Structure formats: structure tokens, C-alpha cells
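Asks: For the sequence shown, the UniProt record's numbering assigns the number 45 to the initial residue and increments by one for each residue that follows. Built from N, CA and C at the ideal position, the CB exists for glycine as well. The structure displayed is predicted, hence computed values, not measured ones. One structure coming up, written as C-alpha cells, with questions to follow.
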Amino acid sequence: AAADSAVTLLDYGAGNVRSVRNAIRHLGFDVKDVQTPEDILNAERLVFPGVGAFAAAMDVLNKNGYDGGSNLFVYGEGSTLSRHFKENGPVKGLGLIPGVVGRFDSSNGFRVPHIGWNALQNEKDSLILDDVGSHHVYFVHSYRAMQSDENKDWVSSTCNYGDNFIASIRRGNVHAVQFHPEKSGGKISFLSPVYVGLSILRRFLYPRANLERKPTERKALKLAKRVIACLDVRTNDRGDLVVTKGDQYDVREHSKENEVRELGKPVELAQQYYKDGADEVSFLNITGFRDFPLGDLPMLQVLRYTSENVFVPLTVGGGIRDFTDANGRHYSSLEVASEYFRCGADKISIGSDAVYAAEEYLRTGVKSGKSSLEQISRVYGNQAVVVSIDPCRVYVKNPKDVEFKTIRVATQGPNGEEFAWYQCTVSGDREGRPIGAYELAKAVEELGAGEILLNCIDCDGQKKGFDIDLIKLISNAVNIPVIASSGAGSAEHFSEVFRKTNASAALAAGIFHRKEVPIQSVKEHLLNERIEVRI
Ligand code: 1PR
Numbered sequence: 045a046a047a048d049s050a051v052t053l054l055d056y057g058a059g060n061v062r063s064v065r066n067a068i069r070h071l072g073f074d075v076k077d078v079q080t081p082e083d084i085l086n087a088e089r090l091v092f093p094g095v096g097a098f099a100a101a102m103d104v105l106n107k108n109g110y111d112g113g114s115n116l117f118v119y120g121e122g123s124t125l126s127r128h129f130k131e132n133g134p135v136k137g138l139g140l141i142p143g144v145v146g147r148f149d150s151s152n153g154f155r156v157p158h159i160g161w162n163a164l165q166n167e168k169d170s171l172i173l174d175d176v177g178s179h180h181v182y183f184v185h186s187y188r189a190m191q192s193d194e195n196k197d198w199v200s201s202t203c204n205y206g207d208n209f210i211a212s213i214r215r216g217n218v219h220a221v222q223f224h225p226e227k228s229g230g231k232i233s234f235l236s237p238v239y240v241g242l243s244i245l246r247r248f249l250y251p252r253a254n255l256e257r258k259p260t261e262r263k264a265l266k267l268a269k270r271v272i273a274c275l276d277v278r279t280n281d282r283g284d285l286v287v288t289k290g291d292q293y294d295v296r297e298h299s300k301e302n303e304v305r306e307l308g309k310p311v312e313l314a315q316q317y318y319k320d321g322a323d324e325v326s327f328l329n330i331t332g333f334r335d336f337p338l339g340d341l342p343m344l345q346v347l348r349y350t351s352e353n354v355f356v357p358l359t360v361g362g363g364i365r366d367f368t369d370a371n372g373r374h375y376s377s378l379e380v381a382s383e384y385f386r387c388g389a390d391k392i393s394i395g396s397d398a399v400y401a402a403e404e405y406l407r408t409g410v411k412s413g414k415s416s417l418e419q420i421s422r423v424y425g426n427q428a429v430v431v432s433i434d435p436c437r438v439y440v441k442n443p444k445d446v447e448f449k450t451i452r453v454a455t456q457g458p459n460g461e462e463f464a465w466y467q468c469t470v471s472g473d474r475e476g477r478p479i480g481a482y483e484l485a486k487a488v489e490e491l492g493a494g495e496i497l498l499n500c501i502d503c504d505g506q507k508k509g510f511d512i513d514l515i516k517l518i519s520n521a522v523n524i525p526v527i528a529s530s531g532a533g534s535a536e537h538f539s540e541v542f543r544k545t546n547a548s549a550a551l552a553a554g555i556f557h558r559k560e561v562p563i564q565s566v567k568e569h570l571l572n573e574r575i576e577v578r579i
């Protein structure tokens with residue numbers, strides 16, 4: 045092991061590097077940023093974080109004269125280190141590892157991006173994966189490297205998602221992993237001080253650390269269904285940022301004061317949910333359509349603090365759009381998103397602005413390339429862009445009455461209607477738009493969304509279960525992962541949504557905030573129901 049405690053980090057501004065930084069610090073090391081190519085050559089341990097959009101990252105690297113190829117402890121995402129990369133056309137990678145990277149094939153029913161907690165297989169001589177045993181680790185990517193004769197001696201583990209792709213490689217001191225150790229938090233066992241993802245980084249940083257390996261009984265087999273805790277955040281009437289929760293999006297107490305309902309503090313609750321086993325945490329700035337996030341420093345601060353010791357993916361939404369402030373300074377949505385990523389977000393979520401972008405795309409039939417959705421996914425990769433849909437059920441007598449996709453409903457409407465469509469809303473349900481959730485979902489997938497957060501205004505806060513009709517409709521319409529949201533009232537509602545629909549994840553807020561159903565009991569219930577989850 046190297047004598048000094050510094051780890052050299054190559055931060056080329058292409059994604060959430062804050063979490064990698066935080067994880068290294070958490071393990072007791074200082075981080076030294078690469079300023080010049082010599083810093084790379086002089087590094088004893090070099091960490092090279094993965095990126096969402098490879099071509100954009102290589103461009104930055106090439107402009108700065110980094111050409112890689114050093115014989116160091118290199119630790120980075122496999123794709124970046126491979127020879128050629130086929131995202132946005134052929135782009136030359138660093139050329140450290142022989143192999144070709146290609147996009148997952150979504151035609152065989154596997155959703156792309158591959159997002160979530162999956163199992164490692166065929167592990168051999170990795171040196172750094174010893175503590176992982178049969179636990180899940182966190183993946184988020186659309187491209188993967190396949191095994192070949194050229195690289196078979198490098199492969200130290202694989203993962204199965206449609207096909208067997210390379211999950212990690214090791215050659216001498218070079219380690220690369222396709223998943224995110226800094227996001228694969230969670231303890232190895234209840235009593236153990238060892239965390240799954242951090243243990244990987246730790247074994248890299250202290251190569252001789254000789255912890256005993258204690259494989260657990262249960263085997264992680266495949267991509268797990270995710271359970272996500274959502275924090276709707278806004279300022280209360282005193283100006284403090286608080287976690288609130290609405291009933292059908294109404295977050296005010298119906299008392300004399302009509303104050304905003306308060307359920308806790310964002311950073312504390314996020315930490316709690318991480319400890320309780322949440323697979324992801326989402327923050328939604330629910331007054332983002334009104335406030336401006338770069339002026340809203342508290343929200344950025346919430347992300348900074350949370351990412352210091354929450355090692356699962358963080359999503360942030362609310363207010364991601366172009367904005368001109370009172371002084372006439374213009375901010376692009378890309379700048380807003382970049383600031384969120386720098387502060388520790390792994391994904392950003394776009395609500396209202398995605399509705400406008402989809403409307404324009406459907407009206408003109410042309411992708412302008414200018415919408416926030418398109419721009420952010422071009423720079424950060426579509427796996428970093430979630431579109432949050434806030435639909436409202438509208439009953440109709442006859443499907444021909446509307447131009448939007450309708451469904452036959454399981455429970456009839458108030459006037460005996462047998463059909464309904466789901467109308468998209470913007471600005472937190474303040475305005476209904478002439479576009480259905482079905483049409484929106486398909487359009488945003490084409491525009492570059494990597495995931496859909498599917499809320500339902502009718503079900504929000506009602507605790508009567510998810511809107512199965514809606515979730516079926518949308519998850520069957522797209523090939524990207526869909527997060528079911530709104531209405532969870534019990535652990536059984538989670539197994540119901542995973543059984544009856546193709547949702548990849550289920551999100552809840554109220555039951556977790558009010559401590560009515562702990563995350564752990566949701567997970568245990570799913571496990572008993574033989575639904576794969578991360579424990
Ligand atoms: O339009 O890009 O600024 O984004 C605004 C974001 O804020 C959107 O993601 C939108 O869904 C969200 N939002 C706006 N107003 C509200 C509100 O509640 N008044 N909250 C709101 C959305 C819905 C879910 C909720 C689930 C689960 N909240 O996120 O957490 O319904 O709740 P439950 O388990 O208690 O039923 P932009």
C-alpha cells in the first residue's frame with residue numbers, strides 16, 4: 045500500500061463525482077485533484093470516476109491532454125477504459141482494456157438503461173470484491189462491454205441483464221467496475237460494520253487489507269425491484285426547508301392557519317431512510333416551478349450534506365428549466381442540472397418542462413435538441429434524466445370522445461364511465477395540459493429520458509394502493525424503467541404493483557414519513573413474496 049493517504053482523483057466535470065469524493069474521504073483518505081497530466085503519472089492511487097455520456101467526457105479529456113495509459117492503481121468505470129466506445133458514434137476510449145462497448149439490446153424485453161441493484165457472477169481473483177459475497181450492487185448504464193478472447197483474462201466478474209456483460213475487470217493494479225461502489229451502500233449484515241460498496245473502494249485503497257470473507261446465505265440473483273423513499277421539499281411559511289406531504293398534492297393543513305404540513309427535515313430523513321434500507325432517495329422541490337433552484341441555496345446544501353454519508357443514488361427534481369432572474373441573468377436548464385450534479389445528485393428529474401418539450405415534439409414532429417430534457421441527457425447521459433409525470437384521471441363514456449389513449453377502468457367513474465385517460469399537469473397540479481400520460485411517456489423516451497417517475501394525483505396520499513391501470517399502461521408503453529408512485533398504504537401494495545405491472549421500482553412518501561410502514565418491513569414482505577429485493 046502507498047505510504048501517504050492521498051488518493052488522486054480525475055474529476056472532469058462529467059457527472060456526480062462528489063459521491064466518489066465523499067466515499068474516499070469517508071474511508072479516511074485525502075483527495076488530491078488532478079491538475080496536470082504529471083499528477084496522473086505521479087499518482088500512487090488514481091481514481092477515475094465513471095461518466096454518463098462518454099463522448100462528452102473524452103472530449104474534455106482530450107482537450108486537456110490526458111491520454112491515460114499509466115501503470116497505476118487505476119480504478120474506474122469499465123466503459124471509459126475500453127478501447128472503443130460506441131455511444132454517439134465511435135469514440136476512442138483510453139485504450140487500457142481490449143474490448144468493444146455496445147448498447148444493451150432492449151428488444152428482448154429488458155429495459156434500457158439498466159438501472160438498479162443487480163448481482164455479480166463468476167467472480168474470480170478480483171481482490172476488491174471479497175466482501176460483496178451475494179449482495180446486490182448498484183448499476184446505472186445503457187452501454188456495456190462484452191467478454192471476448194482478447195479480454196477474458198481481465199474479467200473478474202460478470203453480471204446478467206439480457207446477456208452476460210463485464211461487471212468488473214482486474215489486471216495487475218488496474219481495477220475497473222461497471223457498477224457504482226460509492227452508491228452501493230448498505231451493510232453486509234445487521235451486526236457488521238462493513239458496508240458493501242465502501243468495502244470495494246476500501247480494498248482498492250488498502251490493497252492488503254485482509255478482512256475475512258463471510259458469504260451470506262441468500263444469493264442475489266438478478267436485478268432487484270427498488271423501493272424508493274421520496275421527500276417532497278419546500279420552504280415553510282417561516283422560510284425553512286422542510287419535508288412536506290400532500291393529499292392529492294394539497295400540502296396545507298386545513299386548520300385556521302392553513303400552514304404547510306411538516307414531516308421532518310430533509311437531510312435527517314434522507315439519512316434515516318438510507319439506514320432503513322431505501323434503495324434510492326428522491327428530493328422533489330415541489331415549488332420549483334416558482335422558485336429558482338440556483339437561488340435556492342438550501343436545496344443545494346441539502347444535497348451536499350446528504351451525499352456526505354448517504355451512499356445510495358440521490359435524485360433531485362423541481363425547477364429544472366431555463367430561467368432569467370430579476371437581474372436579467374440567464375441560466376440554462378443545463379447549468380441548473382450541472383449544479384445539482386456537482387452538489388451530489390445522481391439523477392435529476394424534470395416535471396413541467398418535460399411536458400412542454402413533449403407537446404412541442406408531438407406538434408412539430410421534430411426534435412429541436414433544445415429542450416432541457418434533450419440537452420441534459422446529451423451531456424450527462426439519459427440514465428441521469430428522470431421525467432416526473434403528474435397525471436390526473438379523467439373519466440370518459442366513450443374512448444372516441446378524446447384524442448388521447450384511454451383505458452377501460454377496473455372501477456367505474458362517478459357517472460358509470462367505463463373509460464379514462466390520464467391528463468398531464470404542470471406546476472404541481474395547478475394546470476392541466478392537452479396531453480395524456482401515455483403520449484407524454486412515449487415522447488419523452490424518444491427525447492432522451494432514462495426513467496419515468498409515474499405519480500398519480502388521484503392516489504397521492506390516499507394509502508389505497510398504486511394506480512395499477514395507469515402503471516400498466518405506461519410501463520407497457522415504454523422500454524425505459526418506470527417508477528410507480530402515489531398511494532402506497534401497506535407493504536402489500538408494493539407486492540401488488542410488482543406482480544401486476546412491469547414497474548421497476550416503487551416509491552412512497554407518507555407511510556415512511558409517518559412511520560406507519562418501515563422500509564425494512566416492505567423489503568421483508570417482498571422477499572417473502574419471492575420478489576427479488578436488496579436486503
Ligand atoms: O415541474 O419540474 O418544477 O417539478 C416539480 C416536481 O414536484 C414534480 O416532480 C412534481 O411531481 C412534484 N410536485 C409538485 N407539486 C407537488 C405537490 O405535492 N404539491 N409533489 C409535487 C409530488 C408526488 C410524489 C409523492 C408520491 C407518493 N409529490 O412525489 O411523493 O405521490 O406519495 P404517497 O406515498 O404519500 O402517496 P417541476
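For L517 and I451, what's the separation of their Cα atoms in angstroms?
Replies: The residue labelled residue 517 in the question sits at position 473 within the sequence shown. The residue labelled residue 451 in the question sits at position 407 within the sequence shown. Going from the Cα of L517 to the Cα of I451 covers about 8 Å.
Asks: Please determine, among N195, F510, C203, F234, the residue with the shortest C-alpha to C-alpha distance to R215.
Replies: Taking the sequence shown and counting its residues from 1, the one referred to as residue 215 is at position 171. Taking only the C-alpha atoms, the option nearest R215 is N195.
Asks: What's the C-alpha gap between E568 and A552?
Replies: Within the sequence shown, residue 568 is the residue found at index 524, counting from 1. Within the sequence shown, residue 552 is the residue found at index 508, counting from 1. Roughly 16 Å between the two C-alpha positions.
Asks: Out of T455, A535, Y250, which one is the CA nearest neighbour of N217?
Replies: In the sequence shown, the residue the question calls residue 217 occupies position 173. Selected option, being the one with the closest Cα: Y250.
Asks: Do D397 and N499 have their C-beta atoms closer together than 7 Å?
Replies: Against the sequence shown, residue 397 aligns to sequence position 353. Against the sequence shown, residue 499 aligns to sequence position 455. Taking 7 Å as the Cβ cut-off, D397 and N499 do not qualify as a contacting pair.
Asks: Which of helix, strand or coil does DSSP assign to H298?
Replies: Within the sequence shown, the letter at position 254 stands for residue 298. Coil.
Asks: How long is the line joining the alpha carbons of K263 and S178, rounded to whole angstroms?
Replies: On the sequence shown, residue 263 is found 219 positions in, with the first residue counted as 1. On the sequence shown, residue 178 is found 134 positions in, with the first residue counted as 1. The alpha-carbon atoms of K263 and S178 are separated by roughly 5 Å.
Asks: Compute the Euclidean distance between the alpha carbons of S212 and G361, then round it to the nearest angstrom.
Replies: One-based indexing of the sequence shown puts residue 212 at position 168. One-based indexing of the sequence shown puts residue 361 at position 317. Distance between the alpha carbons of S212 and G361 is about 31 Å.
Asks: Under the rule that 16 or more other beta-carbon atoms within 10 Å means buried, what is D149, buried or exposed?
Replies: Along the sequence shown, read from residue 1 onward, the residue named residue 149 stands at position 105. Its Cβ having fewer than 16 others within 10 Å, D149 is exposed.
Asks: Run through the DSSP bridge pairs and tell me what L358 is partnered with.
Replies: Reading the sequence shown from its first residue, position 314 is the one you call residue 358. Answer is V325, bridged to L358.
Asks: From the DSSP output, read off the bridge partner residues of R452.
Replies: Position 408 of the sequence shown, counted from the start, is the residue given in the question as residue 452. DSSP lists F463 as partners of R452.
Asks: Can we say the segment 351 to 367 touches the segment 141 to 158, given the rule of at least three CB pairs closer than 8 Å?
Replies: Output reads no: the segment 141 to 158 does not touch the segment 351 to 367.
Asks: In whole angstroms, what is the alpha-carbon distance linking G308 and K559?
Replies: Stepping through the sequence shown from its first residue, residue 308 is reached at position 264. Stepping through the sequence shown from its first residue, residue 559 is reached at position 515. In a straight line, the C-alpha of G308 is about 12 Å away from that of K559.
Asks: Could you pull out every residue in the same chain whose Cβ sits closer than 8 Å to the Cβ of E418, ignoring the five residues on either side in sequence?
Replies: As a first step, residue 418 must be located in the sequence shown, where it is residue number 374. Hits under 8 Å: A401, K411, S412, L491, G492.
Asks: Can you tell me the Cβ-Cβ gap for I575 and S539, rounded? I've got them flagged as a contact below 8 Å.
Replies: As a working note, residue 575 is residue 531 in the sequence shown. As a working note, residue 539 is residue 495 in the sequence shown. About 6 Å; that satisfies the 8 Å criterion.
Asks: In this structure, how does DSSP classify D55 when only helix, strand and coil are distinguished?
Replies: Position 11 of the sequence shown, counting from 1, holds the residue named residue 55. In this structure, D55 counts as coil in the three-state DSSP scheme.
Asks: Of the choices V325, V304, V221, N86, whose alpha-carbon is the least far from that of V311?
Replies: For this step, residue 311 is matched to residue 267 along the sequence shown. The shortest Cα separation from V311 among V325, V304, V221, N86 belongs to V325.
Asks: Classify V238 as buried or exposed, calling it buried when 16 or more other Cβ atoms lie within 10 Å of its own Cβ.
Replies: For the purposes of this step, residue 238 is identified with residue 194 of the sequence shown, where counting begins at 1. By the neighbour-count rule (16 or more Cβ atoms within 10 Å), V238 is not buried but exposed.
Asks: Do T359 and V430 have their CB atoms nearer than 7 Å?
Replies: Counting from 1 along the sequence shown, the entry for residue 359 is found at position 315. Counting from 1 along the sequence shown, the entry for residue 430 is found at position 386. For T359 and V430, yes; Cβs fall inside 7 Å.
Asks: On the DSSP bridge assignment, give the partners of T368 in chain order.
Replies: Start at 1 with the first residue of the sequence shown, and residue 368 comes out as number 324. Answer by DSSP bridge pairing, in chain order: H374.
Asks: Rounding to the nearest angstrom, what Cα-Cα distance links Y187 and V144 in this structure?
Replies: As a first step, residue 187 is located in the sequence shown; it is residue number 143 there, counting from the start. As a first step, residue 144 is located in the sequence shown; it is residue number 100 there, counting from the start. Between Y187 and V144, the C-alpha separation is close to 10 Å.
Asks: As an exercise, report each continuous beta strand (DSSP E) stretch of at least 3 residues that is fully enclosed by the segment 525 to 550, in chain order.
Replies: You should have 526 to 529.
Asks: To which residues does DSSP link M190 through a beta bridge?
Replies: Along the sequence shown, read from residue 1 onward, the residue named residue 190 stands at position 146. F209.
Asks: Quick one: Cα of A46 to Cα of D83, how far?
Replies: Translated into positions along the sequence shown, residue 46 becomes position 2. Translated into positions along the sequence shown, residue 83 becomes position 39. Per-residue confidence for A46 stands at a pLDDT of 43, beneath the threshold of 50, marking its modelled position as unreliable; no derived number is given.
Asks: Where does N353 sit, in a helix, a strand or coil, going by DSSP?
Replies: To locate residue 353, count along the sequence shown from 1; it is residue 309. DSSP places N353 in helix when its eight states are reduced to three.
Asks: K508: which of F556, S530, E306 sits nearest, CA to CA?
Replies: Position 464 of the sequence shown holds residue 508. Out of F556, S530, E306, S530 has the C-alpha closest to the C-alpha of K508.
Asks: What I want to know is whether the C-beta of L347 ends up closer than 6 Å to one or more non-hydrogen atoms of the ligand 1PR.
Replies: The residue you call residue 347 lines up with position 303 of the sequence shown. Flag unset: Cβ of L347 not near the ligand 1PR.
Asks: Please give me, in chain order, every unbroken run of the alpha helix (DSSP H) with length at least 4 that falls completely inside the segment 377 to 439.
Replies: Within the segment 377 to 439, the complete alpha helix (DSSP H) runs of at least 4 residues are 377 to 386, 396 to 408, 416 to 424.
Asks: Between the alpha carbons of V287 and D276, how many angstroms are there, rounded?
Replies: Translated into positions along the sequence shown, residue 287 becomes position 243. Translated into positions along the sequence shown, residue 276 becomes position 232. Taking the straight line from one Cα to the other gives about 6 Å.
Asks: In whole angstroms, give me the CA-to-CA distance for P342 and E167.
Replies: Within the sequence shown, residue 342 is the residue found at index 298, counting from 1. Within the sequence shown, residue 167 is the residue found at index 123, counting from 1. Spanning the two alpha carbons is a distance of roughly 43 Å.
Asks: When we look at the beta-carbon of Q456 and count the other beta-carbons within 10 Å, is it buried (16 or more) or exposed?
Replies: Within the sequence shown, residue 456 is the residue found at index 412, counting from 1. The residue in question, Q456, is exposed, as its Cβ has fewer than 16 Cβ neighbours within 10 Å.
Asks: Judging by CA-CA distance, which residue of A370, F234, A521 is the nearest neighbour of Q564?
Replies: Sequence index remark: in the sequence shown, residue 564 carries index 520 (1-based). Ranking the options by Cα distance to Q564, first place goes to F234.
Asks: One question on the structure: do G229 and V356 come within less than 7 Å of each other, judged by their Cβ atoms?
Replies: The sequence position of residue 229 within the sequence shown is 185, counting from 1. The sequence position of residue 356 within the sequence shown is 312, counting from 1. Closer than 7 Å, so yes.
Asks: Can you give the Cα-Cα distance for I555 and F510, rounded to whole angstroms?
Replies: Locating residue 555 in the sequence shown gives position 511, where the first residue counts as 1. Locating residue 510 in the sequence shown gives position 466, where the first residue counts as 1. Distance between the alpha carbons of I555 and F510 is about 13 Å.
Asks: Report whether the distance from the Cβ of L328 to the nearest heavy atom of the ligand 1PR is below 6 Å.
Replies: As a working mapping, residue 328 is identified with position 284 in the sequence shown. Yes, the Cβ of L328 comes within 6 Å of a heavy atom of the ligand 1PR.
Asks: Please report how far the alpha carbon of D513 lies from the alpha carbon of K76, in whole angstroms.
Replies: Against the sequence shown, residue 513 aligns to sequence position 469. Against the sequence shown, residue 76 aligns to sequence position 32. Spanning the two alpha carbons is a distance of roughly 51 Å.
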